[in-house]
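In structure tokens form, the structure reads like this:
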């Protein structure tokens, strides 16, 4: 089985990191490939940058299908171009935000998102709306750390643990979604951190790896998105692309 | 007051048509300008084409603000780039689908969308979700006419009237939204058509002109979208744009 | 265009104040007239007083239509008689609570109401229910000031600013609705107050003036409420009125 | 226990009919009294007439409490003045529409309303909204008989049975609410009628008598509406009443 | 009228306590009988124990119908076997959680559950979901007292009062449901306690006794659950029971 | 990885059938085992039979965990004992109804269930409620074939295809869930059948195999249900089990 991870940004240097991260988690019969964009934003932390990233991402997804890839994961919590791409391909296209929202709703009464990227906070409320899961979303919490200081990983981690614990204690979250794909490696540390605070038995979802696993499951059984919801676009000549 | 209409497609020939249509409906103190895209799809009838159109549209909206325009209307029922653009400007950005959904919800218990562009049917269900108005949406009905035959305006009109009447009689619609901006001039004929069938007192919304009027209202009183929902994107260098 | 403001209370002394307030905000081609009730409560701050005010208000609205008025605004946050009146007239009848709830839902993820009239707090939850917008209502906050001390405008204003800031910071409000028409002139000061506290980009809605602008928009394009939702009442002789 | 039935209309001739109907159903320890309005509409078949009926109804309800009555039922499917009256009294005030909607939601997945008063059809959708039970309401069906011909009881009954059966078969109703208090005596015949069509085990609710029974239950255990939802109105002098 | 209370646990010693409690509240024409289970858990404080209790409870309910009982109340806030039993009998089967949730929704905008059994907290969120009343549930609050110390009734009571007051003040509860049947006798003391703190006019529901009263009401008018929602199970031989 | 399938019925003869069916779909590194109940119903086609099956099922699930199994699938569309079992084990417990509802909600706007077991129709509405996905459920359709004639597989299949096609054409379903685990082998034929009718691109979910795949995914990444939603039951001695 071939699964392609699309980094929806001009970020070639991140390809080997992602390849390593996804490959470790993939089943032995799964071949992971990673591509980034030739043009687009260098980072996606808003709906604006997601809009800029979408055309290139859709193009990469169509290319993946042409190359015989079985499923695609869009490695970004804004899910850029994900719904648009489903119209032009038949293979499953997984958005990590959408995927983790639906799976979190299976695992407990309510979930919270805890994100190291403060600018994404309102975007997760946007996802709650479009997935129809507003009632299950207990809260979205950012770390309140300027992006220039996100390099201080220990500080970021402590804040993430604090926000996750607060989401559980005060907001009534029963499940935590880690609100980033690029820093997803911190998921395990966040889980350990809240357990040290006595908060046991709370699933902490790594959206990147969860999307990989759901993609594997879908390919195994030939499941993909509905063409009634995502029909093939009407054909018209398109200028400039 | 200056209001700019963005045609989110490479469709320069449609600019004078739109200028005429919006200008007739605008208040005498409102100056309408119309621009289309330099690159992008030539037509937007799907989420895919909306994604292709979004970057150019956002760019046109930012340009409008820089040029001192007071509000922007994105002339397409897919609302391409509308939410992304709100992050980068402070002026109101009106999407005709979103606007007509919210206003229709004010006018009666339930509304239906009747569209000449069959490929847009699932897109309106997508709008219902993102606006949180699924319960108020009675139905979405297309004309079941191949796009190659949309030039037969009389046939299109008869089907639109039939679908609108069916939405009212069978689906329980109390308000009708005309599901297209490009053919919005047919709105009045649809209203007359259903009245001839005895269905009186049912508002039929022209989303293009309604958006213009709501834009005028917002500018008059200095109202715009919340920066809490649409914060300014984090600054990062962007390659290729 | 003629727009009539109905003060749904026996409050003739308030007519010139309202005339001035609405006239300043009206377009130059709009003629504002204001009437109050001949009988009814002298103040409406509850569902009870709204029920007492409704018959006189409906009567005034019917009178307005007979006199050639194009749209009516009911100048009270309980929206007394507004839905009843729509059954007996064909012109748009705007309730400021209903109008501001729907427009607030367009401007951001969630909104809060901040009101100087503490007794109205549960009434706004009632409005959330009847508009179907409960999920978008973040909170309703009163000033906790006895009505006998509402004359101390500075104290009222400081409390309103504090409550609005708390709604934004703690309740997750992205839009603020000023919960009164009679004291609506304070809206701008509330907005300035929260901006001084660093809360920028949050729309603060003046429901009175917003309703005027939406009324102007509706009249311009011939839009009114659906007769399917608000049908003409069955005719029967009515005793005692 | 004393229970007062308020007929919210100028309809003295209906008092003995109602007294007989409610008394037969009341427990032996319950004393029923019936009053109608001194002024107001002679019939309530719309939100408009409900608004006209509300002040007199609220007044009758306050009078009942002063006279030592334990609970009040407002004998009309528009629930006129019911919520307003809860602000001014402490005894339970039962509206038959509201009561039957909530109890129907307990008895099965979805319910439909079948009403002999066609003008009430949109009013029941209004009730669905204000009770928050829109999702449980399968449909509202009128008899399509002019009010002038409602005297033909057999024709009305046959239509009611047909509409109820259709609601069950086509709309997925699991419970039927009889949508009138004045003709509530037909409830049993409707139930027999649908059973003759093979539709067994479907509860058919008589809202008048159900409200009586819920009133008896509430008085027995001292339950009434919350003063947090229905606080005592702020005192102000009221002119003209 | 005969009403049977089923204690869904092996708890014969609790039968006389329950008999006394329900009999005091029952109408004079109602004969209360109480039975507990021959096998099952000795206490039900979780979904797990509810599952263990369900078969015996359903069996007791079927037995009650065979013995000519008119209605059944399952004396436990997990409502064990209640929906299953409705499939096999025609008499009303009342679950105290479900009943109090629906009635609480009639009495005010939002309700909270306050329970002495901390392990039941997530079970009440489960009930909110299955009744479709999530939006009306303001909060669920436990006493944070180990079950081994629940014998200290004064301590339990003080905590219940504190939690109820906090639910009203901080969570916006307008109605309180006492979240236990076994300790339901404390309901009145909780009500007095919050009134001493100045929180007047807030209904405090005793689910056990409320269910009795609703059962009396249903039997009086021949109302029971819909066989469309709870159809008779398909007949198949069942081994081992 | 070890995955245990629990047949929640006394149906030993079905064990090899299920073992074969699940083993064919499992990954090569997954060891499937199947157990049925020692006591309980021989067939589960209602909430009643699900209640009878739950204790034995929970017991089998606890046994599986003790034996080192990594995840459990309860092979029945009533999901008997699934939520109760999550309280007593830490491994993932998958219910095929719940799982397929959540995944269907990811694949398209709305889904329908088509079931060969007519008695399950209301049970699926029950699942819609408890999963909070009522709005996404377009319809539930049975085959209208007496259970005694379900052996006529061709007749069953033709009806399933007809019902699925009707759900897509008339009810607006974009995704189909096959409403049975025991006859799940027909899923592929249903999909082919609707494709022959021109309905392409509609996912048809086999809930049994989907649950297996989601179980594999969860075990791979250590994900299980939240102990906040499903806490360990309070310890009390339990008589009779």
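Residue numbers (my numbering), protein chains in the order written: chain A, 1 to 241; chain B, 242 to 482; chain C, 483 to 723; chain D, 724 to 964; chain E, 965 to 1205; chain F, 1206 to 1446.
Where a beta carbon is used, it is the ideal one built from N, C-alpha and C, also for glycine.
The structure displayed is predicted, hence computed values, not measured ones.
Put simply, the CB of residue 772(D) is near chain C, with a gap under 7 Å to one of its CB atoms. Residue burial annotation: residue 833(D) is buried, with at least 16 other C-beta atoms found within 10 angstroms of its C-beta. Along the region 1082 to 1106 of chain E, the positions whose C-beta sits under 7 Å from a C-beta of chain F are 1083, 1086, 1093, 1094 and 1096, read in chain order. By the rule that beta-carbons nearer than 7 Å mark a contact, residue 693(C) does not touch chain D. Contacts between residue 710(C) and chain D, judged by CB atoms closer than 8 Å, involve 845 in chain order. Taken in chain order, the whole beta strand (DSSP E) runs of length 3 or more contained in the region 1091 to 1116 of chain E are 1101 to 1106.
Against chain D, a Cβ distance below 8 Å from residue 1188(E) picks out 830 and 926.
At a cut-off of 7 Å, the C-beta of residue 176(A) has no neighbouring C-beta in chain F.
Residue 296(B) and residue 38(A) have their alpha carbons spaced roughly 15 Å apart. Put simply, of 1434(F), 1440(F) and 1426(F) the residue whose alpha carbon is nearest the alpha carbon of residue 1206(F) is 1426(F). A contact is defined here as three or more CB-CB pairs under 8 Å, and the region 459 to 473 of chain B meets this definition with respect to the region 584 to 601 of chain C. Separation of the CB atoms of residue 901(D) and residue 879(D) is rounded to 12 Å, and the pair is thereby denied contact status at 8 Å.
Between residue 1102(E) and residue 1136(E), the beta carbon gap of about 5 Å places them in contact (Cβ cut-off 8 Å). Of all C-beta pairs linking the region 157 to 168 of chain A to the region 74 to 94 of chain A, fewer than three are shorter than 8 Å, placing the two stretches out of contact. In this structure, DSSP gives residue 759(D) an extended state, which the three-state scheme calls strand. Nearest CB-CB separation between residue 1066(E) and chain D: below the 7 Å threshold. For residue 217(A), the nearest CB of chain F lies under 7 Å from its own CB, placing it at the interface with that chain.
The C-beta distance from residue 202(A) to residue 70(A) rounds to 33 Å, too long to meet the 8 Å contact threshold. In the DSSP assignment, residue 671(C) falls within the alpha helix (DSSP H) that extends over 669 to 678. Taking 7 Å as the cut-off, the beta carbon of residue 497(C) is found no closer than this to the beta carbon of residue 715(C).
Residue 495(C) counts as exposed, since fewer than 16 other C-beta atoms from the protein chains shown sit within 10 angstroms of its C-beta.
Buried is the label assigned to residue 457(B), since at least 16 other Cβ atoms lie within 10 Å of its Cβ. Note on residue 382(B): 16 or more other CB atoms within 10 angstroms of its CB, so buried under the neighbour-count rule.
Of 586(C), 559(C), 603(C) and 602(C), the smallest CA-CA separation from residue 615(C) is found for 586(C). By the Cβ neighbour-count rule, residue 316(B) is buried, with 16 or more other Cβ atoms within 10 Å of its own.
Taking a beta-carbon distance threshold of 7 Å, residue 423(B) does not count as an interface residue toward chain A. Approximately 36 Å separates the beta-carbon atoms of residue 183(A) and residue 231(A); this is outside 8 Å, ruling out the contact.
In the DSSP annotation of this structure, residue 265(B) is not part of any beta strand (DSSP E); the continuous alpha helix (DSSP H) holding it starts and ends at 256 to 266. When the Cα atoms are used, residue 341(B) and residue 677(C) turn out to be separated by approximately 31 Å. Under DSSP, residue 1408(F) takes part in no beta bridge, so it has no partner. Per DSSP, residue 1079(E) lies in no alpha helix (DSSP H) segment; the continuous beta strand (DSSP E) that holds it begins and ends at 1075 to 1079. Taking the CA atoms as reference points, residue 318(B) sits about 29 Å from residue 849(D). Residues of chain E whose Cβ lies closer than 7 Å to the Cβ of residue 943(D) are, in chain order, 1177. A direct Cα-to-Cα measurement between residue 1046(E) and residue 1022(E) gives close to 7 Å. Short of 8 Å from the beta carbon of residue 1066(E), and not among the five residues preceding or following it, lie these beta carbons of its own chain, in chain order: 1095 and 1097.
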